[in-house]
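Numbering (our numbering), first residue to last: 6 to 204.
Ideal Cβ positions, reconstructed from N, Cα and C, are used throughout, including at glycine.
Down below is the structure, laid out as structure tokens.
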């Protein structure tokens, strides 16, 4: 899989290879079981993608040599590779977008084609009243979605370029809720190579 991912992600700036590696790690982390005939079957996992679409995501520092890309454009390209890249047909994946407010754009679904379509339609907020970075609200909403999922393994991936400055739920409170709910949280910095896991 590694060569395939490197080929597919070659046009992306180096700053997003951290996300690509994280995506691959999550894809390979699903629990497995034997089916009695010595073949290994992979159990699906539940993944909520939590994407920042605040005004700062229009920065162009993740552009490649061929064309300008906003941070959101770059994140959406990697999101699509993550969802449609193969290897996870049994994974239920959902999408939450957040700026000052968090909205579930797709509940957990196995219909990855429609999920990718929903992600393509995410746009940077233009109204000042809607701008901000409510990381805690986005994560808390993801945890609530994941708590209701039947899958044993549950993951939230937060993609943001900024420090939380809005919302009703503090990021640490949301992280604590995730830990108590058995949800693994990965945070990925858009515009940096940083990727962290907590919980």
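Rounded to the nearest angstrom, what separates residue i and residue j at their Cα positions?
i	j	result
residue 182	residue 71	42 angstroms
residue 175	residue 144	10 angstroms
residue 115	residue 97	5 angstroms
residue 133	residue 104	10 angstroms
residue 127	residue 135	14 angstroms
residue 159	residue 63	30 angstroms
Taking residue i and residue j to be in contact with their CB atoms under 8 angstroms, please state how far apart those CB atoms are, rounded to whole angstroms.
i	j	result
residue 57	residue 167	7 angstroms
residue 76	residue 195	5 angstroms
residue 188	residue 163	Actually they do not touch by this definition, with Cβ atoms about 11 angstroms apart.
What are the start and end residues of the alpha helix (DSSP H) that includes residue i?
i	result
residue 112	No alpha helix (DSSP H) holds residue 112; the beta strand (DSSP E) holding it covers 107–114.
residue 143	140–152
residue 85	76–89
residue 122	117–125
State the start and end residues of the unbroken beta strand (DSSP E) segment that holds residue i.
i	result
residue 104	From DSSP, residue 104 is part of no beta strand (DSSP E); its letter is neither H nor E.
residue 194	188–194
residue 159	159–165
residue 171	Segment: none, residue 171 is in no beta strand (DSSP E) and carries neither H nor E.
residue 57	51–57
Enumerate in chain order the residues of its own chain whose CB-to-CB distance from residue i is below 7 angstroms, with the five nearest sequence positions on each side excluded.
i	result
residue 85	121 and 124
residue 61	166 and 167
residue 141	169, 172, 174, 175, 176, 178 and 179
residue 43	Unreliable positioning characterises residue 43 in this predicted model, as indicated by a pLDDT of 48, which lies under 50. The coordinate reading is nonetheless provided below. There are no such residues.
residue 49	35, 95, 96, 97 and 156
residue 117	88, 89 and 98
residue 81	124, 125 and 127
Using a Cβ-Cβ cut-off of 8 angstroms (strictly less than) and excluding sequence neighbours within five positions of residue i, which residues of its own chain qualify?
i	result
residue 101	53, 54, 55, 56, 107, 108, 109, 110, 143, 146, 147 and 150
residue 112	99 and 150
residue 130	58, 59, 60, 104, 105 and 136
residue 119	111
Apply the 10 Å Cβ neighbour rule to residue i and answer buried if 16 or more other Cβ atoms are within range, or exposed otherwise.
i	result
residue 177	exposed
residue 65	exposed
residue 51	buried
residue 192	buried
residue 89	exposed
Between which residues of its own chain and residue i is the CB-CB distance below 6 angstroms, once the five residues before and five after are set aside?
i	result
residue 68	74
residue 152	186
residue 154	51 and 113
Does the ligand HEM have a heavy atom nearer than 6 angstroms to the CB of residue i?
i	result
residue 82	You won't find the ligand HEM in this model; it holds no ligand whatsoever.
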